[in-house]
Amino acid sequence: MKILLNLVLFSFLTSGCTKQTPMINEPVTEQPTNPSNGTGNFTYLALGDSYTIGESVKQAESFPYQLQSLLKAKGSNVANPKIIATTGWTTDELQAAIKKENLTGSYSFVTLLIGVNNQYRGYPINTYKKEFAELLQTAIAFAGGDKRKVFVVSIPDWSVTPFGKNSGKSTETIAAEIDNFNAVNQEITLAAGVSYTNITPASRNAATDTSLIAGDGLHPSAKMYGQWAEALSTKVADVLK
1 MKILLNLVLF SFLTSGCTKQ TPMINEPVTE QPTNPSNGTG NFTYLALGDS YTIGESVKQA
61 ESFPYQLQSL LKAKGSNVAN PKIIATTGWT TDELQAAIKK ENLTGSYSFV TLLIGVNNQY
121 RGYPINTYKK EFAELLQTAI AFAGGDKRKV FVVSIPDWSV TPFGKNSGKS TETIAAEIDN
181 FNAVNQEITL AAGVSYTNIT PASRNAATDT SLIAGDGLHP SAKMYGQWAE ALSTKVADVL
241 K
């Protein structure tokens, strides 16, 4: 169930039990180098949680849609992203959702940002390590087996938000835990030869710049999502050439 800490707008999910990790159906990867959706558009799959759907901002302000706009401005006609993400999801819940979607085929590129809710719920980091590695391989498969077309984004630090400061947990502890989870996902990503975009240091600017925080006091604003999109756009544009 969702834990809102009595504030509906703050919607990380919590769970009191350990869940079985579902197996992920591997997508068909026999596709063109940069598969399109039949109209000549590049295709984009975004995997994640609230940071991917853009909780508390308009859809067009989420980082996948801002990334789409930036890529169009660079001359790459990218279709609307296919998003598999929900506020509160942990790695195992994202795995289950991917399996339920039963997607086939591959995408021109894939982004993956997941883990904050594993940290928030206090799930073991070793479980995260295993499931993140599995998700990364799933993302590569959805990119037609081409690791150059997968882009992992680090977990932002929510300790600097009003919600984080009033969560009952010290901001130092939250920040340290975020760093530990990011150390895991970065190591796995780089070892796999996949692009890693570290947005965490910039996310901490929200400690002094409230324009980087959405109205719910927890999630990033359109401005911060725009920074993530900018950081990704050149990397993605290079592989779409």
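The opening residue of the sequence shown carries number 1 in UniProt numbering; numbering runs sequentially from there. Built from N, CA and C at the ideal position, the CB exists for glycine as well.
Please work out which residues of its chain come closer than 6 angstroms, Cβ to Cβ, to residue i, disregarding the five sequence neighbours upstream and downstream, and give them in chain order.
{"i": "residue 266", "result": "Residue numbering for the chain in the displayed model covers 1 to 241; residue 266 lies beyond these limits and cannot be assessed."}
{"i": "residue 245", "result": "Residue 245 cannot be examined here, being either before or after the span of the chain that is shown, 1 to 241."}
{"i": "residue 242", "result": "Absent from the model: residue 242. The displayed extent of the chain is 1 to 241, so no value can be given."}
{"i": "Lys-129", "result": "Val-184"}
{"i": "Ser-203", "result": "Pro-156 and Asp-157"}
{"i": "Glu-177", "result": "Gln-119"}
{"i": "Ala-133", "result": "Ile-188"}
By the three-class DSSP mapping on this structure, what secondary structure does residue i have?
{"i": "Ile-199", "result": "coil"}
{"i": "Tyr-44", "result": "strand"}
{"i": "Glu-26", "result": "In this predicted model, Glu-26 has a pLDDT of only 39, less than 50, meaning its place in the structure is not dependable enough to derive any value."}
{"i": "Ile-114", "result": "coil"}
{"i": "Lys-72", "result": "helix"}
{"i": "Lys-82", "result": "strand"}
What residue range is occupied by the uninterrupted alpha helix (DSSP H) comprising residue i?
{"i": "Lys-129", "result": "125-142"}
{"i": "Gln-186", "result": "171-191"}
{"i": "Gly-164", "result": "162-165"}
{"i": "Ser-50", "result": "50-53"}
What whole-angstrom Cβ distance do residue i and residue j have, given they're in contact under 8 angstroms?
{"i": "Val-194", "j": "Val-152", "result": "6 angstroms"}
{"i": "Pro-64", "j": "Thr-127", "result": "The pair is not a contact, with the Cβ atoms about 26 angstroms apart (cut-off 8 angstroms)."}
{"i": "Thr-91", "j": "Glu-131", "result": "4 angstroms"}
{"i": "Ser-108", "j": "Tyr-44", "result": "6 angstroms"}
Which residues bound the beta strand (DSSP E) around residue i?
{"i": "Ala-222", "result": "Looking at the DSSP string, Ala-222 is not in any beta strand (DSSP E); the run it does join, the alpha helix (DSSP H), is 222-240."}
{"i": "Val-153", "result": "150-153"}
Could you say which of the options lies nearest to residue i if we only look at CA atoms?
{"i": "Asn-102", "options": "Phe-42, Leu-94 and Gly-88", "result": "Leu-94"}
{"i": "Asn-80", "options": "Thr-90, Trp-89, Ala-191 and Glu-61", "result": "Glu-61"}
{"i": "Gly-217", "options": "Ala-141, Ser-167 and Thr-52", "result": "Ser-167"}
{"i": "Ser-106", "options": "Thr-210, Phe-42 and Ile-174", "result": "Phe-42"}
{"i": "Lys-149", "options": "Ile-114, Val-239 and Thr-52", "result": "Val-239"}
{"i": "Asp-209", "options": "Val-57, Pro-162 and Thr-234", "result": "Pro-162"}
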